[in-house]
Amino acid sequence: MEGPASGRQEYNDILIGKAAESNDLVQEKYITLSIAQRKIEDTRAYFRRVDGNLSKNFGRLDSGARAISNYERLRLLHDFFRPGEEQYFTFDQAAAIRHGLDYKDLICPDGLQFKAGHFEMGGKFGRVLFLKEYASYIKDEMIADLSDFARNLVIAIDILPVPTDEAVKEIQQRILGVESDITRWQQRQNSKNNFTASVPYELEQLRAETKEFLDDLTVRDQRMMFAVVTLAHVADSLEQLDADTETLLAIGREHLCQFSILRYQQEDGLNTVLPYGLRRVKALRTLTTESAAVLMPFRAQEIQDPGGMYYGVNAVSKNLLICDRKRLISPHGFYLGVSGSGKSMAMKSTITNVALGTNDDIIIIDAEREYGPLVRALGGEVVEISPHSPHHISPLDMAEGYGEDENPVALKSEVITSILEQQMGSGRITGSHKSIIDRCTANVYRPFLKSKGKLPAPLLTDWRAEVLKQTEPEAREIALAAELITEGSLNVFAHETNVNMDNRLVAIDLYEMGESLRPTALVVTLEAIQNRVAANRKKGKYTWVFIDEIYLYFKYHYSAEVLYRAWKRWRKYGAPLTAATQNVEECLRSETARLMFANSEFLLLFNQAATDRVELAQLLHLSDTQMGYIENAEAGHGLLRMGGALVPFVNTIPRDTELYRLMSTTPGES
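The opening residue of the sequence shown carries number 183 in our numbering; numbering runs sequentially from there.
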């Protein structure tokens, strides 16, 4: 790949191909509430109460509902009446009142004429259908199948709930009527001396169904309601309209339901199907709550945030998943999956997205030396940190703005404590050790802070020299533990920083640090990144941080704490962190990891091991259907959680592209 420009072109070609494969439909769902009230104050109080209940109940379904404004209502009607002119809609209520303009003039079509079986609207042709006959059993896919029809289409489900006491009284009267019919039939048979005749099947069936309906209302706590389903579709020509109508009728027949054209009632049908809250079609059907539930307009949750980034394709609807993590309360994320499940490819895809589609900075902590080729191809810089490398990062550097909301010396004291824990062993640092560490840290930073950053920041060697001045026996233990990383063979972090971190895309390669030194390297690297984050915060610039194989850093208490502190604080600094691991169960044994997991609103779950699936199901309350998407899943397939939304996704890169070769970790393909 010859630089970022060619990479951008190739990535755009991939996205265009994915978009072409999608169903290219945008579905909007509205609930219109209507009530008969005499006073406007009572009406407003009712709608305020219902708005709150709807928002709360949709929230329980990990969805949302909000009241739309007058502007949005008019836009909705304008888009239907004037298809193809959606982008031209404007409405200023104050200006309209000032100039005496009627809002109807802004939304109405150029002409509207109703015929026997269709209507003509501004050069377009439309038709309203209604559900005439219902099947005895309807699957909940019927409305979804109708909604997937690739035309300008409006489906309305009008529901008129009946108060339960009135419904019970009505059904009891019907049962009484059926029993009276049966009694009269038996009396007629007895008058003919036919005392053994069985009650006709039709009457027995009617009695059983009516009693079952009464049980639904009184025992199973269901509601009775009247419903009518209407549908309006629009086409460019009458021939196309007739063909579309036949397709819609065929979809109904597949579900054993009969749709019919509203003959000589097209105007009433149009007023019913549009979201006015009017009901002019009288073809009502009596349903219970359970029966009405199959008329469900929801099939797949979509995520298409304006200004977001591509994270794959919805496995159900085939639409693109466009997510803007910056709008989340906590934009941090985890990519979880077994080896070969596609999580590294997804991380690299996200990095490519950020690098090519934004001006944000990107820093990668690369534990397995996987990201170098991609970073170099995108014009970034790879910094190798190892005992033999000429590159050095000092953990005691302190940029302007570092820890401005907290005590910066206390933060550096925690960092040094974390580094020493790796040398002294987990759980070996006592309160006395912490006091000495804190005292020495304050002493070495005093000249630097007094000069307001004009003097150079202290080094680890300066800090150890300060420790040697202390008289406590514990100070000798600390100095001895620090000797290896200051004067010994692992003194890579005891020198002045000579790494160029100015490139907007930097990968810090920790592969040669060895597993035992990687937690220390992570702590030091996070400190260097925090300085970059603090500087970018002052510029109003985002910094994306990616950490591979994060489970390595939960083995030591203080390195996990430093990571958790970054997880909590960097959200406010405009620095979303993204971590990847294949050892989910091992990570979740750490309470710190569980807290970080709970504090992340973005998750990509790929194929999981059996024990990991159980842990994730309990933690995320996954259903059996959702679990199926992360069990024996193909590479690049899984579940995406974005805030409250949980969507099955597919994110694959074509194998014949240069980006695939840069991203793949499969031997022989990279």
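Glycine included, C-beta positions come from ideal geometry on N, C-alpha and C.
Item	Value
I want to know whether the stretch 394-413 touches the stretch 272-281 - three or more CB-CB distances under 8 Å.	no
When you compare only the Cα positions, how much space is there between G434 and Q440?	6 Å
Where does H574 fall in DSSP's three states?	coil
In the DSSP output, which residue or residues are listed as bridge partners for N334?	V416
Any contact between the stretch 790-801 and the stretch 763-781? By contact I mean 3 or more CB pairs, one from each, below 8 Å.	yes
Hey, how far is the Cα of T774 from the Cα of Y746?	7 Å
Would you kindly check if the distance between the Cβ of L423 and the Cβ of K200 is under 8 Å?	no
For a minimum of 3 consecutive residues, which ranges assigned as the beta strand (DSSP E) are wholly contained in the stretch 534-594?	543-548 and 563-566
If you measure between the beta carbons of T707 and I575, is that distance less than 8 Å?	yes
Near I732, which residues of its chain fall below 6 Å by C-beta distance, leaving aside the five closest residues on each side in sequence?	A761 and T763
What does F229 pair with, by DSSP beta-bridge criteria?	Answer is none; F229 lacks a bridge partner.
State the start and end residues of the unbroken alpha helix (DSSP H) segment that holds K632.	G613 to K632
Among residues of its own chain, excluding the 5 on either side of I567, which ones have a beta-carbon nearer than 7 Å to its beta-carbon?	H573, I575, V674, I690, D691, L692, M695 and A703
Looking at M580: is its Cβ nearer than 8 Å to the Cβ of A639?	yes
Round the Cβ separation of P830 and L821 to the nearest angstrom and send it over; I've been treating them as touching at under 8 Å.	6 Å
Please identify the residue among T534, E582, N453 and L294 whose C-alpha is closest to the C-alpha of K720.	E582
Just list the residues that DSSP pairs A827 with in beta bridges.	M824
Just reading off the beta strand (DSSP E) that K314 is part of, what are its end residues?	K306 to E315
Would you grab the beta carbon distance between I835 and M527 for me? Rounded to a whole angstrom, and I think it's under 8 Å.	7 Å
Does N685 come out as helix, strand or coil in the three-state DSSP assignment?	coil
Does T272 pass the burial test, meaning 16 or more other C-beta atoms within 10 Å, or should it be called exposed?	exposed
Taking C-alpha atoms, which residue in I339, S362, L802 and N541 lies nearest to L469?	I339
Determine whether the beta carbon atoms of L207 and A332 lie at a separation below 8 Å.	yes
What three-state label does DSSP hand L785 in the structure shown?	strand
Do three or more CB pairs link the stretch 512-524 to the stretch 659-667 at distances below 8 Å?	no
Following the continuous alpha helix (DSSP H) through F779, name the residue where it begins and the one where it ends.	E773 to A780
Look at the alpha carbon of A657 and the alpha carbon of D730, and state the distance between them as a whole number of angstroms.	35 Å
In the DSSP assignment, find the unbroken beta strand (DSSP E) run with G494 in it and report its ends.	M491 to N496
Between the stretch 618-637 and the stretch 587-601, can you find at least three pairs of beta-carbon atoms closer than 8 Å?	yes
Would you report the Cα separation of N239 and G246, rounded to the nearest angstrom?	8 Å
With H, G and I counted as helix, E and B as strand and the rest as coil, what does DSSP make of W752?	coil
Within the continuous beta strand (DSSP E) that includes Y517, where are the two ends?	G515 to L518
For V381, tell me which candidate among N375, S600 and E361 has the shortest Cα-Cα distance.	E361
Figure out for me which residue from T471, D506, T214 and N376 has the closest Cα to the Cα of Q486.	D506
Could you check where the alpha helix (DSSP H) with S442 kicks off and where it finishes?	Note, S442: premise wrong, no alpha helix (DSSP H); beta strand (DSSP E) at Q440 to I443.
List the residues that DSSP assigns as beta-bridge partners of L502.	V495
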